[in-house]
């Protein structure tokens, strides 16, 4: 099954982008709101149902985009909950 998660528009700063992604994917309360915690949560996703989770984001922060790319590659290897990132205009 595929699940779509849309990140609110205008989240370009690192902190705004992290918060918007956390909101879009309903990160748990223990989420640490930094890049390391973002990667850890994106490669876990255990609070979400199994399947492909498509994250739609307009992009805008290179550090966050790097974490998203690394996490998507890692979840593809793990296979239970796969993160796919789609960049919108």
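In my numbering, the protein residues as written are 635 to 723.
Quick reminder that beta carbons are idealized off the backbone N, C-alpha and C, glycines included.
Between the CA atoms of residue 684 and residue 663 - distance to the nearest angstrom: Approximately 20 Å, taken between the alpha carbons.
Using C-beta distances below 6 Å, list every residue in its chain close to residue 604, excluding the 5 sequence neighbours before and after it, in chain order.
With the chain covering 635 to 723 only, the question about residue 604 has no answer from this structure.
- prompt: How long is the line joining the alpha carbons of residue 620 and residue 675, rounded to whole angstroms?
  reply: Any property of residue 620 remains undetermined from this structure, which presents the chain solely from 635 to 723.
Worksheet item: DSSP state of residue 641, grouped into three classes?
Response: coil
For the candidate residues 689, 708, 698, whose alpha-carbon lies nearest to that of residue 658? 689
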